[in-house]
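Asker: Chains as they are written, first to last, in the UniProt record's numbering: chain A, 1 to 333; chain B, 1 to 503.
Encoded as structure tokens, here's the structure I'll be asking about.
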């Protein structure tokens, strides 16, 4: 290349600019972690109960359900779609898990729930991709169908495992490694696997590309539809596992389980710093967002504050997180 | 230009920086009423920033602005509209679902007792149409109009707001040849009527033909303001890049005797495209020329399978493509650099490296995992060979200049080592230096045996790069011209003013 014009000025200018913008990127990347650390420190100092192993085990156990849903939501959002079926899928697959468990055994029932989650995700994804309807509307409608199916299957009643297997059914509440509950272990393992899938695999790369610019992805030879269906399937499995945790805790499942929680999951994803515009975000952010929202509840408990204010604070936190994200984004551009 | 009257716009010491990096500094500029003032410079020189400051879209950090001799503070688009400044940006600012009438009087509708009075707006619009000589149906939705007409709607809006200064950012970039001429004629007419026009453009001949004076910016500084009557494109480019450079195009190497046909298409049809046949040999650059709407871009998209042809065959090395999809075309060794890198080419918020690697991910994986060291090496090598200048390959690609983004787009496809490269607008929105680099890149690829099909609205570029030029009109080939044909002949064929003779 013979012509060579800008390098002198460009080279003189970029190092400083690079450092500045990299600093701003860091702020945007890890600001939310700083917020988490600050809340943890504040609670550790202001209460003597926060840093007890009992409370921490409890906290992680409480985070598991929201964390799984937020992870599914994050993966969908990265790929540029919303999955509003999450909580309906959760209920329907938990019910399927209990019912299959009644006729076979608990383990087969659990496996059936996970498979049901994947299948429901496949259906949701196919509906959204094939119909070409905006995912927000498409999954909203699909979620009504799933809730309705859950009511039909149960006749509106609570379903229980067989009495002799009730104890095994509660296994996800049992303590396990490091005294953590089995639910926590399952949650951590699943999230770790998904974090690797998203950040290290070719699928992960395609996920970001599809969410960032679907047309550019298609013209780069990526099957946009199957990436979306896969994202919905992952979200479906996450929902099913979250459903099993709730059912295992309650010793039963019902059609109204976790109603509205799909929105909390999306909120957790966003609080963690995943952009709702798609193409950006990470699985660990879902974890941070879920922890942060759960911590607020935990803190209210420990500090003996009136839980009346809890939702207000959560709402303000979400607004704050999104505003900060927007502000930092503007500055770096 | 007389300096007796107060200047329409006086800029003093204006500067702007982002996170400590100055993008505009110490600009002093006077523009007289009724003057057409050209603003030129490479991408990143600060032209758009200056326009946005005048238009109130961004605030200057330093300096003052005076309009008609009166110093003012401009903090928002609302302020500058109030001062009679109107900015017509590159992207356009129309509300797609509203009618022409509503867009022209957007937020300035005539009203009586809180009710919009369409009748009085209609009268005002009719008067404006008469002065400008435009003919637009007031009641159609603007998103159904061709882009050139949409731009007219924006100009009408500026006039409806009583703009005394109209600043246009790259107004001709999206226009076809005859639309450009109309626009330039209108600019002269408006200026003759006393409206001040500021024109930012990459097309120097255009600026020279219409402007009274021209200001050159480089790296955020004002280099020189010259009278258009005593300068030349070469001198302007010299000021833009800091020294005179050779704006000559590289010559493609002749296609070797007996080079095999790599890409051939027969009877392609869909929408605008109405029976296109073409053949490209190894080492050959085929240019496709035509007016906007002639089916140039659409033909490339059919070749690549971005759209499915209703009829027709595409063959690579004599074998028909397995399917009309990008994946099948890619598998056969076809690549396409699309028309709009922002909308079709790049994932703007992802990194340079991720974008470059995107179309060849499967080539560097073990199981489901990306082989990251191999990717780093491959991306590093190709970036170096096309000369992508990125401080950090992990930075989002939107932080790069247009030229570097375009080079990254080429790099993404070159990593696949394609046999056929389809290029739509190789240098749109790219600065002069990068443009020359891209021209050398294209001729170099052809010299190495690649078959290239290139579409460009810049007729000089197309004629300089191509071995052969195919002209489309209404989706049909109307002529094929060998190297050395003059632009006039090709443009005439594109307009259908005489029958092109197949060579």
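Virtual Cβ for every residue (Gly too), placed ideally from N, Cα, C.
Treat the numbers as computed from the prediction; the structure is a model and nothing was measured.
1) Could you check the C-alpha separation between residue 320 (chain B) and residue 291 (chain B) for me, to the nearest Å?
2) In or out: residue 259 (chain A) buried (at least 16 other Cβ within 10 Å) or exposed?
3) Using a Cβ-Cβ distance cut-off of 8 Å, determine whether residue 306 (chain B) contacts chain A.
4) Counting only beta-carbon separations shorter than 8 Å, does residue 219 (chain A) have a partner in chain B?
5) Check each candidate in A:226, A:89 and A:201 and name the one with the smallest Cα separation from residue 236 (chain A).
6) Roughly how many whole angstroms lie between the Cα atoms of residue 15 (chain B) and residue 495 (chain B)?
7) In three-state terms, what does DSSP make of residue 526 (chain B)?
8) Give the list of continuous alpha helix (DSSP H) stretches no shorter than 4 residues that lie fully inside the stretch 458–496 of chain B.
9) Below 7 Å on C-beta distance, what does residue 343 (chain B) contact in chain A?
10) Label residue 256 (chain B) either buried or exposed according to how many other C-beta atoms from any shown protein chain fall within 10 Å of its C-beta, with 16 as the threshold for buried.
11) Please return the same chain residues whose Cβ sits closer than 7 Å to the Cβ of residue 351 (chain A), not counting the five positions on each side in sequence.
12) Thinking just about the alpha-carbon of each residue, which of B:279, B:275 and B:326 is nearest to the one in residue 311 (chain B)?
13) So, for residue 510 (chain B): in the same chain, excluding its five sequence neighbours on each side, which residues have a beta-carbon less than 6 Å away from its beta-carbon?
14) Can you tell me the Cα-Cα spacing of residue 187 (chain A) and residue 67 (chain A), whole angstroms?
15) Is there contact between the stretch 265–276 of chain A and the stretch 163–172 of chain A, where contact requires at least three CB pairs shorter than 8 Å?
16) Strictly under 8 Å for the Cβ-Cβ distance: is residue 369 (chain B) near chain A by that measure?
17) Starting from residue 130 (chain B), trace the alpha helix (DSSP H) both ways and give me its first and last residue.
18) Closer than 7 Å by C-beta to residue 464 (chain B): which residues in its own chain qualify, once you throw out the five before and the five after it? Chain order, please.
19) Could you round the C-beta distance between residue 98 (chain B) and residue 122 (chain B) to whole angstroms and report it? I think they count as a contact, below 8 Å.
20) Name, in chain order, the residues that DSSP records as bridge partners for residue 71 (chain B).
21) Please report the residue range of the beta strand (DSSP E) in which residue 508 (chain B) lies.
22) Where does residue 324 (chain B) sit, in a helix, a strand or coil, going by DSSP?
23) Starting from the beta carbon of residue 76 (chain B), find every residue of chain A whose beta carbon is closer than 9 Å, and list them in chain order.
24) So who's on the other strand from residue 279 (chain B), going by DSSP bridges?
25) Measuring straight from C-alpha to C-alpha, what distance separates residue 78 (chain B) and residue 31 (chain B)?
26) Along chain B, which residues have their Cβ under 7 Å away from the Cβ of residue 285 (chain A)?
27) Counting only runs of 4+ residues fully inside the stretch 157–197 of chain A, write out the alpha helix (DSSP H) ranges in chain order.
28) Tell me, please, whether the CB atom of residue 281 (chain B) is closer than 8 Å to any CB atom in chain A?
29) CB-CB under 8 Å to residue 251 (chain A), same chain, minus the five flanking residues each way: which ones, in chain order?
30) Between the Cα of residue 402 (chain B) and the Cα atoms of B:380, B:385 and B:425, which residue gives the shortest distance?
31) How about residue 338 (chain B): is its C-beta nearer than 8 Å to some C-beta of chain A?
32) Using only alpha-carbon positions, find the residue among B:287, B:190 and B:108 that is nearest to residue 152 (chain B).
33) Is the beta carbon of residue 246 (chain A) closer than 8 Å to that of residue 257 (chain A)?
34) Could you tell me the boundaries of the beta strand (DSSP E) in which residue 450 (chain B) lies?
35) Near residue 246 (chain B), what residues of its chain come up, given a Cβ to Cβ distance below 6 Å and the 5 sequence neighbours on each side ignored?
36) Within the same chain, show all residues whose beta-carbon is closer than 6 Å to that of residue 285 (chain A), passing over the 5 residues directly before and after it, in chain order.
Answerer: So, to answer that:
1) 29 Å
2) exposed
3) yes
4) yes
5) A:89
6) 45 Å
7) A question about residue 526 (chain B) goes unanswered here, because the residues of chain B that appear run from 1 up to 503.
8) 459–465 and 487–495
9) 215
10) exposed
11) Any answer about residue 351 (chain A) is impossible in this case: the structure gives chain A only from 1 up to 333.
12) B:275
13) As displayed, chain B neither begins before 1 nor continues past 503, which places residue 510 (chain B) out of reach and without an answer.
14) 7 Å
15) no
16) yes
17) 118–132
18) 249
19) Wrong, their Cβ atoms sit about 15 Å apart, outside the cutoff.
20) B:66
21) Coverage of chain B is limited to positions 1 through 503, which leaves residue 508 (chain B) absent and any answer about it impossible.
22) coil
23) Those do not exist, as residue 76 (chain B) stays about 16 Å from chain A at its closest Cβ, beyond 9 Å.
24) B:264
25) 22 Å
26) The premise fails here: residue 285 (chain A) is roughly 15 Å from chain B at the closest Cβ pair, so nothing lies under 7 Å.
27) 166–169
28) no
29) 160, 161, 166, 169 and 170
30) B:425
31) yes
32) B:190
33) yes
34) Taken as a continuous stretch (DSSP letters only), residue 450 (chain B) belongs to no beta strand (DSSP E), as it is neither H nor E.
35) Confidence is the limiting factor: at residue 246 (chain B) the pLDDT is only 49, short of 50, which leaves the residue's position unreliable and the question unanswerable from this model.
36) 272, 273 and 274
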